[in-house]
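K.L.:
First the structure, which I've put down as structure tokens, then a few questions once you've had a look.
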Amino acid sequence: MSAWWTYAPGDLLLFSERTYYRMFELHNAALWPAQVVALALALAVALLMASGWGHRVRAVGAVIAACWLFVAWTFLLGRYAAINWVAPWFAALFIVEAALFAAVAVAGRPGALGGRWGPAQVVVFAAAVLAQPAAGLLAGRPWRQAEIFGLAPDPTAIATLGLLAVAPRGSRWLLLPLPVLWCAVSGATLWTMGAPDAWLAPTAAAFAMVAPPLLRGRTAGV
Amino acid sequence: MTQPFLLRRRDFVRLLGAGGAASLFPGAPRAAGPLVRALPSSEESLPLVGLGSWITFNVGDDPAARNDCARVMEAFFAAGGRMIDSSPMYGSSQSVIGYGLSKLGMREAVFSADKVWTGSGRRGPTQIEESRRQWGVPRFDLLQVHNLLAWEEHLPILFGMKAEGRLRHVGITTSEGRRHGEFVRIMESQPLDFIQVTYNPLDREVERRILPLAAERGIGVIVNRPFRQGALTRTLEGEPLPGWAADIGCRTWAQAILKFIIAHPAVTCAIPATTRVDHARENMAAAIDPLPDAKLRRRMASDIEKRA
Ligand SMILES: NC(=O)c1ccc[n+]([C@@H]2O[C@H](COP(=O)([O-])OP(=O)(O)OC[C@H]3O[C@@H](n4cnc5c(N)ncnc54)[C@H](OP(=O)(O)O)[C@@H]3O)[C@@H](O)[C@H]2O)c1
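Protein sequences appear in the order of chains A and B.
Under the working numbering, the residues of the first sequence are numbered 199 to 420, in order.
Under the working numbering, the residues of the second sequence are numbered 289 to 596, in order.
See the structure below:
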């Protein structure tokens, strides 16, 4: 956009909070019962990572890639693009992230997503999956508008951050930037909209960037 | 300069047929239409209050919300409104307006004010055609270069369209005081029909140069952000109305703000946006006599400044 410096963040917000959250309501209604499948997939990711199965990186990588692709296709292009002309670019980011996870899945390097998960990692991932819907309910939004992992962008990004908490440095450099970028974008959008839970995604991103390296010493042997 | 405006009979009849405006809104003020002001550059007159669509009409594919917007448009037309303003920048607003116009059968009655908003002159005509398709109108009544973006490239194309009869009026827009210097230079050098600027009791910079220049050059003035995107009406909410409000027939602060704006002789039309039927009616009801004179306008501005 030319003369972009003359625009304040509020000038770029194209829609109201009401319209934004109604999108999730319509999305949920249109996809039901995909929510059950999505949460079952999240559970499968946790179980696979906690199992010692040799092909868990392939399976988990494929699930996460599918989720990013599904969100790009059905939500960012299928819904968000109608009210936000930047959404196709967001979809492109999501497709790139899907491709990166697909590449990790195809390569299938056993340690690519970190070692076998203990209870602590399962809890971190579960919290990441459930954080967004919980925040929505606490913010007073109806459960019909819940943003669900695998169907909506924020919980998908935050859960991916949770997944990557104990991944080795190489994988984190590859897979972390786009979820972090999305969390920043989404946080800015929600903050401009005045949503009370605008802090959640950026905090998750900051935590995902800072905490694992600090804790690395303690989890190195896992 | 002002005279009562009435919807053309066939348009009003169509409106009743489309949505039963009179029965849906029994309290709607219909007796006399809103005050109008003649466009300096043509024979036409426009009601002093129009309708914006930034954010409020960008509701995407949500069927319930699209119908809510159509009801706002219905109330607006039923009260004698004509100008609706939009832009390709406003997400789905154009298609939502198109939906409302088609539902209400008001494609001919509306004064369609849209914008061209792309950094490339070459892409302008394609964007304009796509916008026209979304509105579902045969041609635009007004196309404005949005926020002066690539105006050097777009204006010759718009003037060309006007010469060919594919467009009725040409304009430029800005808001919140952006690029006023350049804006003035364009006003001085181009044969514009309209400008669009921000003006309200708190944002009055345009009074110094832009409004007098518009009057001098016969350029119509559309006023955006009359309520500072709702911040001003929210600030004044709960404050009792001063005594002068009743003297000029204002029941609310929103009406007082609109009357302040449209009473400026250079202003053609203020375009508040709303998601609410009652607000659409309230805003249209500001376009009735009496309007404040210059002395009262100064007092209104100072009273509002004190409270904001
Ligand atoms: N550069 C440009 O070209 C440019 C820039 C800005 C704006 N514009 C145009 O100008 C239009 C108006 O500006 P805007 O939408 O930014 O802001 P605005 O019209 O000043 O304010 C809109 C807000 O005012 C509230 N409102 C409307 N009527 C009300 C009433 N009677 N009482 C209390 N609140 C009321 C609405 O809330 P409710 O929904 O609750 O009524 C809405 O949130 C835009 O929609 C757009 O078409 C153009």
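Don't be surprised by glycine CBs; every beta carbon is placed ideally from N, CA and C.
Counting C-beta neighbours from all protein chains within 10 Å, is the total for A/Glu345 16 or more, i.e. buried, or is it exposed?
P.N.:
Buried, by the Cβ-count rule.
K.L.:
Thinking just about the alpha-carbon of each residue, which of A/Ala305, A/Leu336 and A/Arg342 is nearest to the one in A/Pro231?
P.N.:
That would be A/Arg342, whose Cα lies nearest to the Cα of A/Pro231.
K.L.:
In chain A, which residues lie less than 8 Å from B/Asp349 when you measure between Cβ atoms?
P.N.:
Under the 8 Å cutoff, chain A gives Leu224, Arg277 and Ala280.
K.L.:
Between B/Gln382 and ligand 1, is there a pair consisting of the residue's CB and a ligand heavy atom that are separated by less than 8 Å?
P.N.:
False, no ligand heavy atom lies under 8 Å from that Cβ.
K.L.:
Quick one: Cα of B/Gly386 to Cα of B/Arg410, how far?
P.N.:
So the alpha carbons of these two residues sit roughly 25 Å apart.
K.L.:
Give every residue of the same chain whose Cβ lies closer than 8 Å to the Cβ of A/Ala409, excluding the five residues on either side of it in the sequence, and list them in chain order.
P.N.:
Closer than 8 Å at Cβ, skipping near neighbours: Ala363.
K.L.:
Which residue comes first and which comes last in the beta strand (DSSP E) that contains B/Arg585?
P.N.:
First-last for B/Arg585: Ala582 to Arg595, but that is the alpha helix (DSSP H), not the beta strand (DSSP E).
K.L.:
Short of 7 Å Cβ to Cβ, which residues in the stretch 366-400 of chain B face chain A?
P.N.:
Answer in chain order: Tyr378, Gly379 and Ser380.
K.L.:
Bridge partners of B/Phe548, per DSSP?
P.N.:
Looking at the DSSP assignment, B/Phe548 forms no beta bridge with any residue, so it has no partner.
K.L.:
Run down chain A in chain order and give the residues with a C-beta less than 9 Å from the C-beta of B/Ala353.
P.N.:
In chain order: Arg216, Thr217 and Arg220.
K.L.:
For B/Ala310, count neighbouring C-beta atoms within 10 Å of its own C-beta (all shown protein chains included) and say buried if the count is 16 or more, exposed if not.
P.N.:
Residue confidence for B/Ala310 is low, a pLDDT of 39 falling below 50, so the modelled location carries little weight and cannot support an answer.
K.L.:
Measuring only between beta-carbons, confirm whether A/Gly208 sits less than 9 Å from chain B.
P.N.:
It does: the Cβ of A/Gly208 has a partner Cβ on chain B nearer than 9 Å.
K.L.:
So, at 6 Å on beta carbons, what are the nonlocal neighbours of B/Thr486 in its own chain, with the 5 sequence-adjacent residues on each side left out?
P.N.:
Taken in chain order, the residues that qualify are Ser463, Glu464, Asn512 and Arg513.
K.L.:
Going by C-alpha distance, which of B/Val458, B/Pro553 and B/Asp429 is nearest B/Val494?
P.N.:
Considering only alpha carbons, the answer is B/Pro553.
K.L.:
Measuring CB to CB, does B/Leu501 end up less than 9 Å from B/Glu593?
P.N.:
In this structure, B/Glu593 does not lie closer than 9 Å to B/Leu501 by Cβ.
K.L.:
For the candidate residues B/Val433, B/Gly338, B/Asn355 and B/Glu331, whose alpha-carbon lies nearest to that of B/Pro376?
P.N.:
Of B/Val433, B/Gly338, B/Asn355 and B/Glu331, the residue nearest in Cα terms is B/Val433.
K.L.:
Alpha carbon to alpha carbon, how far is A/Thr358 from A/Leu413? Give it in angstroms, no decimals.
P.N.:
Approximately 18 Å, taken between the alpha carbons.
K.L.:
Using a C-beta to C-beta distance shorter than 9 Å, which residues of chain A count as neighbours of B/Asn346?
P.N.:
Residues of chain A passing the Cβ test: Leu212, Phe213, Ser214, Thr217, Ala280, Ile281 and Asn282.
K.L.:
Threshold first: 4 residues or longer. Then list the alpha helix (DSSP H) segments lying entirely within the stretch 390-429 of chain B, N to C.
P.N.:
Listed in chain order, the complete alpha helix (DSSP H) runs (minimum 4 residues) inside the stretch 390-429 of chain B are 412-423.
K.L.:
Quick check on A/Gly208: does DSSP put it in helix, strand or coil?
P.N.:
Helix at A/Gly208.
K.L.:
Using a Cβ cut-off of 9 Å (strictly closer), state whether B/Gln484 contacts chain A.
P.N.:
No, no contact with chain A.
K.L.:
Does any CB atom of chain A fall closer than 9 Å to the CB of B/Gln478?
P.N.:
So, not an interface residue.
K.L.:
Hey, B/Thr562 and B/Leu339: beta-carbon distance below 9 Å or not?
P.N.:
Yes, they are a contact pair.
K.L.:
For B/Ala596 and B/Leu524, I'd like the C-alpha separation in whole angstroms.
P.N.:
Going from the Cα of B/Ala596 to the Cα of B/Leu524 covers about 7 Å.
K.L.:
Suppose the cutoff is 8 Å on Cβ atoms and the five residues either side in sequence are ignored; what does the same chain contact list for A/Glu215 look like?
P.N.:
Around A/Glu215: Met391, Gly392 and Ala393.
K.L.:
Just to confirm my understanding: we take B/Phe364, look at its own chain, exclude 5 residues before and 5 after, and list those with CB closer than 7 Å. What are they?
P.N.:
So the list reads Leu339, Ala568 and Met572, once near-sequence residues are dropped.
K.L.:
Output, in chain order, the set of chain A residues within a Cβ distance shorter than 9 Å of B/Ile230.
P.N.:
An answer regarding residue 230 of chain B cannot be provided, because it is not within the stretch 289 to 596 covered by chain B.
K.L.:
Specify the secondary structure class of B/Ile460 as computed by DSSP and reduced to three states.
P.N.:
Here B/Ile460 sits in strand by DSSP.
K.L.:
Please state whether DSSP places B/Thr540 in a helix, a strand or coil.
P.N.:
It is coil, neither helix nor strand.
K.L.:
Counting only beta-carbon separations shorter than 9 Å, does B/Gln517 have a partner in chain A?
P.N.:
Chain A, which has a Cβ nearer than 9 Å to the Cβ of B/Gln517, makes this yes.
K.L.:
With contact counted as at least three CB pairs below 8 Å, one residue from each stretch, are the stretch 389-407 of chain B and the stretch 420-439 of chain B in contact?
P.N.:
Yes, the stretch 389-407 of chain B touches the stretch 420-439 of chain B.
K.L.:
For B/Gln478, report the span of its alpha helix (DSSP H) as first-last.
P.N.:
Note, B/Gln478: premise wrong, no alpha helix (DSSP H); not H, not E.
K.L.:
Report the three-state DSSP secondary structure of A/Gly276 (helix, strand or coil).
P.N.:
Helix at A/Gly276.
K.L.:
For ligand 1, is there a heavy atom less than 8 Å away from the beta-carbon of B/Ala542?
P.N.:
Answer for B/Ala542: yes, Cβ within range of ligand 1.
K.L.:
Within 10 angstroms of the Cβ of B/Gln448, are there 16 or more other Cβ atoms? Answer buried if so, exposed if not.
P.N.:
Correcting the residue type first, residue 448 of chain B is Gly in the shown sequence and not Gln. Under this definition B/Gly448 is an exposed residue.
K.L.:
Name, in chain order, the residues that DSSP records as bridge partners for B/Gly508.
P.N.:
Per DSSP, B/Phe482.
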